Amino acid sequence: MGGDVLRWSAYRSMPWKNGGGTTREVASGTVRAPLAPAGPADGFDWRMSIADVDAGGPFSAFPGIDRVITLVEGEGMVLTVDGTPHPVGPLTPFAFSGDATTDCRLDAGAVRDMNVMTRRGRATARVRIVTVAAVRGTETACAEGETLLVMAATEGIAVVGPDGRETVLGRLDCVRHEGPGALTLRGDGTVAEIRITAPH
């Protein structure tokens, strides 16, 4: 379909950096940009993952990393970032610095979140929640030098690539597309659209 289809069943599971839980890596990558500083020692400029948070506690520190968290399951959580509490509701992207001292409180049970991390100065991420209507398709374009990831937050979503092939996504399946080009979203549901760009 002109992009990579990434399935929930194939995501690689790994422990959190601080050992407090597990995460499933969806995708990661590096950027090639003339204005970007030297590449990272640990191998990624950006990374997208899904984490299961079963109990409150401290988040791992990621110096030099910017983060965007979006709840994809659960009623909500409160993130205290450098002493300031921030309620985070379902399907509401929340951006914060990986340098910050961050603690999580669960007031309504366990949650599952999508976590997008980008290395400051090498990549940036924009996360948007898109409602797909059954009446008409929703097109999302990918620019030159951009990485576009579309994750199904609900069932009932299909993606049509630039080659015209349609792929049905299960919940939390993802399509990764390197620009330029366009994806057409069909069905009736919700997706998370993540755009990764390098410094210009």
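Heads up: the sequence shown begins at 2 in the working numbering, then just goes up one per residue. Glycine included, each C-beta is placed from N, C-alpha and C at the ideal position. Since the structure is predicted, the reported quantities are computational estimates derived from the model, not experimental observations.
Residue 151 has its alpha-carbon roughly 25 Å from the corresponding atom of residue 22.
Between residue 44 and residue 177, the C-beta spacing is not below 8 Å.
Going by DSSP, residue 24 is part of the beta strand (DSSP E) stretching over 23 to 30. The C-alpha of residue 130 is placed about 22 Å away from the C-alpha of residue 146. Pairing residue 148 with residue 179 gives a Cβ-Cβ distance under 8 Å. C-alpha of residue 117 to C-alpha of residue 106: approximately 20 Å in a straight line. The residues 138, 140 and 161, in chain order, have a CB closer than 6 Å to that of residue 185 in the same chain once the five nearest residues on each side in sequence are set aside. According to the DSSP assignment, residue 153 belongs to the beta strand (DSSP E) that extends over 148 to 153.
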